[in-house]
Each structure stands twice: as C-alpha cells, then as structure tokens.
Amino acid sequence: MTSAMLVSILMTLIAASTPLLLASLGELVAEKSGVLNLGVEGMMLCGAVAGFAVAFSTGSTGIGLIAAIIAGVAASMIFAVLALSLMANQVATGLALTIFGIGASSLIGAGFVGRTITRLQPVFPAMLSEHPLLRVIFGHDILVYLSFALVAAVGWFLRRTRPGLILRAVGENDASAHAIGYPVIAIRYAAVAFGGALAGLGGAYFSLALTPMWADRLTAGRGWIALALVVFSAWKPGRLLLGAYLFGAVMTLELQLKAAGVTWFAPEVLAMAPYLATIAVLTMMSLGRKTGRLDAPACLGKPFSAS
Amino acid sequence: MNQPREQEVPPRLALAHISKSFPGVKANEDVSLSVRPGEIHALLGENGAGKSTLVKIIYGVQQADEGTISWNGSPVSIPSPKAARKLGIGMVFQHFSLFDAMTVIENIALGLDEAVDREELKQRVATILQSYSLPLDPEREVHTLSVGERQRIEIVRCLLQKPKLLIMDEPTSVLTPQEVERLFATLRQIAAEGCSILYISHKLHEIKALCDSATILRGGRVVASCDPKVETTRRMAELMIGAELRKIEHGKAAGSGAVRLEVKGLSLPGEPPFGTDLESVSFEARAGEILGIAGVAGNGQAELLTALSGEQLAGDALAIKLDGEAIGLEGAGARRALGLACVPEERNGHAAVPDFSLADNGVLTARHRLPLAPHGFISRGNVKRFADNVIKLFDVRTTGNAALASSLSGGNLQKFIMGREIGQQPAVLVVSQPTWGVDAGAAAAIRQELVDLAAKGSAVVVISQDLDELLELADRLCVINEGRLSAPRPVASLGIDEIGLMMGGVHGAETAHA
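Line order of the protein sequences matches chains E and C. Numbered by this note's numbering, the letters in the first sequence go through residues 1 to 307 in order. Numbered by this note's numbering, the letters in the second sequence go through residues 308 to 821 in order.
Have a look at this one:
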C-alpha cells in the first residue's frame, strides 16, 4: 500500500466519522438529560438542506453552517414542545420528527438537486498540508476540529461543572431534581436544543463538506447510526469518539470494497455491522451487569410533569 | 402548651394559632407550639393528622392561612424553602431526593443552594462525617448504599447549612434497628450542640427514647402536649388515635395444629450483586400459629419470600411442602391456587401494580382461588364485588375500587393488599414487613387480622424487622442471619436481649440449623 493510498483512506475515515460524531454527541447530551430524541436523522436532514440552500444563495459556507445550526435547533424545538411541554410519547414524536425531516428536506431541496457549491475549505493554509502525512493532521475543515474539541468540552462539562452535574441529575431522577428546586423542563429544553444544533451541523457536513452538491436523502440513515452509537458508547463521550471512528471505519471499508469491485463478499453486510456491534455491546453490558444496572440515564424517555 | 421554663431565652421556633385549609379539608387548626434551643421536640400523630402540612408551613413549602411564626423571639415570614434554609431551618424528608447513579459527594453538591468548589466541599463533608462519626464514603455511588446511608447523605446536606432547627419527617420508617440507634446518637449530638430538632413520627417507643417534649396532633388540632419520658406509651397512643387502643387478642393455644407449610433444607443462591444465599433453611408452620422470622434487613428475607412465593423455584420439589404436597417446583400461580399466599415487603411495584385500579390489582392474585376470571375472561361484576368487599371489611380509605393503587397512602394500600390475600382464605400466608410505614391505628388492625386468620386454622409466617411487632404477634420466633435460619423458639420463653443477640449473629448452641 502506498502512503498516498493510506492518506486517502484516513481522510475518508475522518470524513465518514465526523458527522456521526457530531450528531451522536448532541444526542448524548439530550439523553443525559433524560430525553430520547429519535429524530436525529430528521434534524440532520433539516440542517443539511438549510445549510446548502443558504450557502447556495449567499455564496458563503460560513453563513450556511449557521443556518444549519438554526435549522437543527428549530427542528429539535418542534420535538421539545410536543414531547416536553405537551408530554407526548418521546419515541413516537422522535420518529415523526425524522419522517418530517425527510419530507421537509425533499421539499426544500427539490429546486437544488444537482446544484453545486464551493465546499467548506480546510482551516489551515494549503502549504501546511502539502506533505501527505501532514495533510492527515492539517488538511481538514473546521467541523473536524470542532468535533474533537466538542468531545473534550462535553466530557469536561458533564463530569466537572456544576451545570453538567445538574443536567445529569435531571436525567437520573427528574422528581428529585424538581424537589431540590431545579427547573427540569427548562434544562431538558436546553439539552434538546444542543442536540438539535449538533445534528444540524452533522447534517451540514454532508451538504457543505463531503459532497458539495444536493441530493435527496443525503444523510443516508447516518442519524440512526448516531443513535446506536450513543448506546454503544454507554453514554460516555470518550467511548463515543472511539465508537464514531470504529463505525466510520466500517463504513469506509464498505466503500473501499465496493470501489474495488469485490465480488466474493457483499459489502452491504458491512452496512449492518454498526447495528450488530451495538446489539453485541448492549448484550455484553447487561450480561456483565456488575453494578446491577445499565449505564443509561434512569429517566431516559420518561415524560415529566412538575405537578 | 409548653411553658418556656427559662424566660430570658426566647424559643427557637414558636408557632401561634396556625391554621391552614385545603378545599374540603382543614389540615391545621389553631396549632401552637414552641421549640427551645437544643430541644428535641416530637410532633406526634397518625397519617392525616396534619403533621406534614405543619412542617411544610415551617419549611416554607406552604403558607399558613392564619397565625404567626416566631424565630428566636421575632416574627418572621417564610415564603420558600430557600428562605427557610437562610434562617437556619433544615429538613430531611421521608422520601429522599437522591440520584442513584451519582456519587455521595455529587448528591451533596446538588443539594446545596450555591456552587461550592469541589475540593472545599470534600473538606467540609469530611469534617462533618468525622465530627458526627457518620460512616459514609463520599465516593460511593448511591445505588450501592443502604437506606440508612442514604439518609445520612440528606443529613449531611442539612448540616452543611449549619442549621438551628432540623426537621426530621418520619426518619426511621425505613431503617433497621441498628441504623435507628446510630441515627439517634447523631441527633442527640446535633441537639447537644444547640440545634433544635423537630421530630415527626408515630412510633411511640422512639419518641420516648429520644425526645424531650411532644406535641400530639389529631385531626389538625393539638390534642395534648406532654413529656414523653414520663407519659406512658399507651396513653400517648390513645391520645393520638383518639380512641381506646385495641389490644391484640390471641386465639387459643397455638402450635398444636397440623403442619401446613414445611420447608426443609431450602438452599438458593442469592442474585448478584447484593443478594444473600439461602443456606439450608428449614422450618414448619402449623395450623393456627403465627411463626415470626426476625432479622436485620438484607440477611435473606427477600430471598426467602421469593423462594416461598414461587418467584424463585427451589431446586428440589420436596424442599417446600404445602399440606403435605411437594410444591418446590411449582410456579407462583400454582402455589397460590393451592393456597400459599405471599405479601412482599414492597407494596408499589411488587405486591400491587401502582398504575392499576384496586379492582384490577385484586384480580392479579385472587383469580387463582376465586371465580374472578373463569375460563380466562374477567368477570367485572365479581371483581368489583371482591374489591368493594375488601375495601369495606378492611376499612381501606379510598375513593372506591377504581382508585389507582398508587393514589393510596402506604397504610391504606397495605390494608387492601392484606385484605386481598386474607379474603382468599389461604392455607398459609407469608407476609414480609406487614406494618412497615403504616400508622398505629392501621397497624393494629392489620395485626389483628393476622391473628384472626391464624385462629381460623391457617398458618401465618411473619417476616419482620420490628421486634415489638413479632413479640406481640408470634407464637414462635426464629431469626434469619446471613441466609441461615435459627431453630424456632416459643416467644414466651425469649427475652428481648436474647433475640437481639440472635439477630446479631451469635447463634445459641442449640440453634443448629437443619
């Protein structure tokens, strides 16, 4: 294998893993606060189409990214109002949000199919990434670096800060948190909004960085993998990073095998691998059961009413 | 009323003519009391006597309609719990506000009003734990702790705020006798340092052991104030209930009937991580007797109950015999049909489904012996009649058979559950902690029902941590310790010291098991 090939594979790996990492990190925070939002795929598509449309109209990918965040948050707020304020079933509401996101992105994106924009540019000047190996480190756009920074920041926030402690407390026992005097619903709104923002960015990674061209259903089910990834990570940001790159590697391998025209093995099998891995991890977690409980936030998916 | 004996020191807290109404109920009416600095003051009353409303007013959760609160001699208003904490009032609720998956120190931090630096908080908590000699590891996760240890977290949360008045709401209802002793030692030390304590309870012997003075509430009014160290328990109970206390009436000489339940060499591994292994448990319960099983929580009581109920099958059919029939390999439903009824300790979620109506909860266990669901179809009429009957016979205070189990108070739900099982006329009734968290009146009624059931020829097995209860109820008593059961002894021949020693694990020479 030449070093050029290696660099190319690594670049593809990072590109495949970054949107997964962004979207699942946002969902991790929402789930830590006790909210199960299955609408990640829908929020990603909203972010992807909004980012593309705005970047196409304004000619600026930067403004496109901001639009993607806003669209992701807006989509998540539909969910929040229904599931948190009106106490609709979170699973059903999340699924509906995904279906909504698929439809809305098709509708808005109908006029943009096949159009192209200038893709998100690498952060560092080109001279730094002339050498192939340096390119692996310096040759990426802002979202790649942001995703790593956010893993560290979220980990620090949840473990080390008082607001992070309160957020976990709300997900662990909403009734107790309410009794002590914390605003459970408001905290969950904030967590869901953060999840929406990162899902929007994850979606925009597809339309603004990966393939600077609009196509229907651009995210191709990555939102579901992001959801599986949160469970796989046992709600720990560090393991989430590992998992995102593991799942990213599997997807990269699938693409490479397809491109190489391998016939003795159906690359589609690899597309199943992330889900199988998640089931395997869940099984191991419940078999191990050293602590007598899974690591999921205890109030995950349960509606809360203050009265 | 307590006359302040030392006129120059104003009372720490004085309530004057407090009244509070809710739609349809007068929760408090013209309540006055005062608590001196460093005094442990008992607030005594049955469930629904207005104790909780009164302390909620003091802690700022609710506002009084009428009356004044004075703090150290000057009138104050307490609009919120935060304001109460600012004055120096701390409260430990009956239901803890804790987070299972988090560490002790994180739980303590969450209970504080302001952010405190992690290292500084660790220091302050360590100081408190040391000066009150409270055993508690700040780095442990809460779900690994016992109830007593969890309560200590709440106490430390309060002590961090340096309270002048500590309110304890039914603090011992879930504690083992040893944990109660330790709690009392802590409370005495807190009081000796000048902090007043308002101690809410309906357990009279505890109030006698701990408190300096007592205010007795009934129906929202103060019916008496007394010195609990001087007053008899019986008199206080009667003041609290407002009627002559029923004395438990035992039936004729028990223990001579036929063996109804026989357990022989029952061994079962406990469920990890916290289960206790049952090791060769053997006993028999005869028609007409009540067999008591004493022991400190976590010594295999839960495992024994699930083994008897059929939730866990014994390895050997012959290990459990009901009226001579081997049932060790029968499931829970089959055992019920044969007449072995079990009432577990946990009411909501184990003995009853919280979100089901009382009528539906009746079907769940009674269908095996009563025609509530013939051929698999529920007979609504029979189900409602059965539930109504239980509600009437056992004096369950509820809105009717459609009320959700979770809407009932602990005592009322327990009365319903006991009524449901007794109403099926079981051959053997096994019941764990029958009066846990139940007020005195209801507890007396439940105990009488158990005695009556035995008198009718059933065998009753009572698993309890409450020694007084067992001494009152049981004909024979054995002790479970680390999954092993001692040989039963007639209660008449036992002193309380001897039982205490047995519970602590010092088996007598003759109590070889199996």
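Note that beta-carbon positions come from the ideal geometry of N, C-alpha and C, so glycine has one too.
When C-beta distances to chain E are compared with 8 Å, every residue of the segment 331 to 349 of chain C stays at or above that value. Where residue 348(C) is concerned, there is no enclosing alpha helix (DSSP H), although the beta strand (DSSP E) around it starts and stops at 347 to 351. Annotation: residue 227(E) to residue 16(E) spans about 16 Å, alpha carbon to alpha carbon.
In this structure, the straight-line span from the alpha carbon of residue 641(C) to that of residue 675(C) is close to 8 Å. Around the C-beta of residue 737(C), 16 or more other C-beta atoms lie within 10 Å, and the residue is accordingly described as buried. Under the Cβ criterion of 9 Å, residue 297(E) is counted among the residues facing chain C.
Contact annotation: in the segment 219 to 252 of chain E, no residue has its CB less than 7 Å from a CB in chain C.
When secondary structure is reduced to three states using DSSP, residue 465(C) falls in the helix class.
Residue environment: residue 404(C) is assigned as buried (16 or more neighbouring CB atoms within 10 Å of its CB, all protein chains considered). Look at residue 539(C) here: in three-state DSSP terms it is coil, with no helix or strand label. Not flagged as an interface residue toward chain C: residue 85(E), since no C-beta distance is shorter than 9 Å. In this structure the segment 2 to 19 of chain E does not touch the segment 76 to 87 of chain E; the number of beta carbon pairs closer than 8 Å is below three. Residue 731(C) counts as buried, since at least 16 other C-beta atoms from the protein chains shown sit within 10 angstroms of its C-beta. Note on geometry: alpha-carbon atoms of residue 401(C) and residue 775(C) lie some 22 Å from one another. Nearest neighbour of residue 461(C) by Cα position, chosen from 471(C), 451(C), 476(C), turns out to be 476(C). The beta carbon of residue 501(C) lies closer than 6 Å to those of 344, 345 in the same chain, with the five residues before and after it left out. Taking a Cβ-Cβ threshold of 8 Å, the residues of chain C close to residue 176(E) are 403, 404, 405, 406, in chain order. Its Cα nearest to that of residue 195(E), the residue 230(E) stands out among 221(E), 230(E), 211(E), 215(E). Excluding sequence positions up to five before and after residue 3(E), its CB lies within less than 8 Å of the CB of 132, 133, all in the same chain and listed in chain order. Between residue 514(C) and residue 349(C), the beta carbon gap of about 4 Å places them in contact (Cβ cut-off 8 Å). With the criterion set as a beta carbon lying under 7 Å from some beta carbon of chain E, the members of the segment 406 to 425 of chain C are 406, 407, 408, 409, 413, 416, 417, 418, 422, in sequence order.
Secondary-structure assignment with DSSP links residue 500(C) through no beta bridge to anything. Here residue 328(C) carries a strand assignment [DSSP, helix/strand/coil].
Taking 9 Å as the threshold, the shortest C-beta distance from residue 388(C) to chain E falls below it. The segment 708 to 720 of chain C and the segment 764 to 775 of chain C do not touch, with fewer than three beta-carbon pairs separated by less than 8 Å. Interface flag for residue 400(C) against chain E is set, since a Cβ pair is found closer than 9 Å. Residue 476(C): member of the beta strand (DSSP E) spanning 472 to 476, first to last residue. Every alpha helix (DSSP H) of 4 residues or more that sits fully in the segment 664 to 724 of chain C is shown, in chain order, as 665 to 673, 687 to 700. According to the DSSP secondary-structure assignment, residue 382(C) is paired through a beta bridge with 377(C). Taking 9 Å as the cut-off, the beta carbon of residue 752(C) is found no closer than this to the beta carbon of residue 695(C). For residue 66(E), the secondary structure class from DSSP, reduced to helix, strand or coil, is helix. Contact fails between the segment 317 to 333 of chain C and the segment 203 to 221 of chain E, because fewer than three Cβ pairs, one in each stretch, are under 8 Å apart. Under the three-state reduction of DSSP output, residue 419(C) falls in the coil class, being neither helix nor strand.
Residue 679(C) and residue 39(E) have their alpha carbons spaced roughly 45 Å apart.
Short of 6 Å from the beta carbon of residue 278(E), and not among the five residues preceding or following it, lie these beta carbons of its own chain, in chain order: 228, 231, 232. In the DSSP assignment, residue 616(C) falls within the alpha helix (DSSP H) that extends over 608 to 616.
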